[in-house]
DNA sequence: GCGACCTTTTGGCCGCGAGCGAAATGTCAT
DNA sequence: ATGACATTTCGCTCGCGGCCAAAAGGTCGC
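Residue numbers (the numbering used here), protein chains in the order written: chain A, 420 to 643; chain B, 420 to 643.
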């Protein structure tokens, strides 16, 4: 247990892992810049993360692209943030995290932040999903509703057997939001409909002008 | 994020935290022995864990009793184990963890291991709780059934507002088991009915002779 | 092929922090 | 008060591991 925690415990490695939370692959050099260390140092860190089973690598030409080894690792990292956040903000009234991230961001492969919460709330109000305590389940009515969004939860999605819908604790809103296959499919659909877009090299999500209208109408989302 | 992970990343501190996963308070000297370090070193570690908000302390006479600061910390630790376990056992066919722990143990303040899974399965079969994907909810029928066990989920339980029932991933069985207020109440009831007992200074749980009969009849649990 | 580029390996420096013994602090028992 | 015990603080040593510059692998474009 200590071995895994030790890997995350170094600031440079933690920054790299945090960057990989966007579920996209990053080259070694890119991660070196993000971590603020030389390429040599970064390479050493990445080797450790690889040996520790926290990340996986895909060699492509002269680049080597690193990504988190599994959704479990992503969940672990978000869990760490959930424990960390209250400690940091305990003595600070002003939000320490950039507002763009609080507003809308990706959490591994699904949406989080105010936008993620707004969508979750709407699906609950619709009766599309049901939440008891901290648990989420998709209803039959929900499957039909999602069909209109061209989302078929029963379609094979490549990444083997994976829970259809899982709660994921949002560390900025302190509430669970949609994760699992449903969360991933929603993010994908919103992206390729052009309602939202990724922001440069950040996990932040930007709402496009056409997206603003659609998201307000369908999910009652108003930018904060 | 790195700060919290760094604290767990030291073997001595990890051992201490692991010991505290039984949700009981441990004196500083006891934790020093468990971690295999001197009292002076242990004191330093405990101070760090305290400053980091991972543990809380209660001074009682000349002893100082340490415990985990919150259930969230316990969840984080179990999450770490879930990521760690597969890495360790990947190249080992034989179980590395003592069988007593796989059989029945406490997981913070509820039951885990084969016994915990057996109880969870029975409650699902009864229709007392419902599991969708990885989510658990208590049904009305479940509340009545629990009433026969003298468990009232609506009774105030001291520890403020806390989810009635939460899934908790079992790192030895790789399946979710009952946690939350329900899990805690079940453990408490089984203990004070004398069906199970804590084992010395371990998280292992021993089934008593009268308990063996009751657990087989009610939950279909057969010792492995 | 050759040069440009990305990445990893090697070697060496250096600081953080884990470790202990000894002393100090605080608490209980008599 | 005095001694026994639990814990913390202090001062110190020492090794692990992060860091970089330089060199070595690989891969692509020309």
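Heads up, the beta-carbon is just placed ideally off N, CA and C, and yes, glycines get one too.
Residues that DSSP places opposite residue 600 of chain A in a beta bridge: BP columns for residue 600 of chain A are empty, so no partner.
4-residue-minimum alpha helix (DSSP H) runs that sit fully inside the stretch 459-514 of chain B, ordered along the chain: 490-508
Reduced DSSP category for residue 572 of chain B - H, G, I as helix; E, B as strand; rest coil: coil
Sequence-distant residues of its chain with Cβ nearer than 8 angstroms to residue 525 of chain A (five each side left out): Leaving aside the five residues that flank residue 525 of chain A on each side, the residues in its chain whose CB is nearer than 8 angstroms to its CB run, in chain order, 440, 441, 442, 531, 606, 617, 622, 624.
DSSP state of residue 595 of chain A mapped onto helix, strand, coil: strand
Assigned secondary structure, residue 533 of chain A (DSSP; H/G/I helix, E/B strand, else coil): Looking at residue 533 of chain A - three-state DSSP - the assignment turns out to be helix.
CA-to-CA distance, residue 520 of chain B to residue 480 of chain B, given in whole angstroms: Taken atom to atom, the span from the alpha-carbon of residue 480 of chain B to that of residue 520 of chain B is near 33 angstroms.
Cβ neighbour criterion (16 or more within 10 Å) applied to residue 503 of chain A: buried
Proximity of residue 438 of chain B and residue 453 of chain B at Cβ, strictly below 8 angstroms: yes
Residues within the stretch 421-447 of chain B neighbouring chain A, beta-carbon criterion of under 9 angstroms: 421, 422, 423, 424, 425, 426, 427, 428, 429, 430, 431, 432, 433, 434, 436, 437
Residue 625 of chain A: first and last residue of the uninterrupted beta strand (DSSP E) it sits in: 624-626
Touch test, the stretch 533-541 of chain A against the stretch 596-615 of chain A, Cβ-Cβ under 8 angstroms, three pairs minimum: yes
CB contact below 8 angstroms: residue 491 of chain B versus chain A: yes
Top-ranked residue by Cα proximity to residue 604 of chain A, from A/631, A/614, A/569, A/478: A/569
Residue(s) in a DSSP beta bridge with residue 446 of chain B: B/484
Residue span of the beta strand (DSSP E) that contains residue 616 of chain A, given as start and end: 615-617
Alpha-carbon to alpha-carbon, residue 559 of chain B and residue 360 of chain A: An answer regarding residue 360 of chain A cannot be provided, because it is not within the stretch 420 to 643 covered by chain A.
The alpha helix (DSSP H) enclosing residue 562 of chain B, as first and last residue numbers: 559-567
Cutoff 8 angstroms: residue 623 of chain B Cβ touching any chain A Cβ: no
Nearest-angstrom Cα separation, counted from residue 523 of chain B out to residue 534 of chain B: Those two C-alpha atoms are separated by around 5 angstroms.
Alpha carbon of residue 556 of chain B to alpha carbon of residue 548 of chain B, nearest angstrom: Roughly 5 angstroms separates the two Cα atoms.
CB contact check: residue 501 of chain B to chain A, cutoff 8 angstroms: yes
In DSSP terms, what residue 548 of chain B is bridged to: B/557
CB contact below 8 angstroms: residue 465 of chain A versus chain B: Output row for residue 465 of chain A: interface = no.
Given 8 angstroms, three or more beta-carbon pairs between the stretch 483-501 of chain B and the stretch 481-500 of chain A: Contact between the stretch 483-501 of chain B and the stretch 481-500 of chain A is present, with at least three C-beta pairs closer than 8 angstroms.
Local conformation of residue 524 of chain B per DSSP, three classes: Looking at residue 524 of chain B - three-state DSSP - the assignment turns out to be strand.
CB contact flag (residue 478 of chain A, residue 462 of chain A, <8 angstroms): no
DSSP-derived helix/strand/coil call for residue 456 of chain B: coil
Alpha carbon of residue 484 of chain A to alpha carbon of residue 465 of chain A, nearest angstrom: 11 angstroms
CB contact below 8 angstroms: residue 612 of chain A versus chain B: Not closer than 8 angstroms to any Cβ of chain B, the Cβ of residue 612 of chain A fails to qualify, so no.
Proximity winner among B/436, B/424, B/430, B/628, relative to residue 527 of chain B (alpha-carbon distances): Nearest C-alpha to residue 527 of chain B: B/436.
Min CB distance residue 498 of chain A to chain B below 8 angstroms: Flagged as an interface residue toward chain B: residue 498 of chain A, by a C-beta distance shorter than 8 angstroms.
Residue 379 of chain A versus residue 640 of chain B - alpha carbon distance: One cannot answer for residue 379 of chain A here, as it falls past the ends of chain A, which runs 420 to 643.
Buried or exposed by the 16-neighbour rule on C-beta atoms within 10 Å, applied to residue 497 of chain A: That one is buried.
For residue 437 of chain A, the first and last residue of its enclosing alpha helix (DSSP H): 430-439
Residue closest to residue 431 of chain B, alpha-carbon to alpha-carbon, out of A/633, A/567, A/424: A/424
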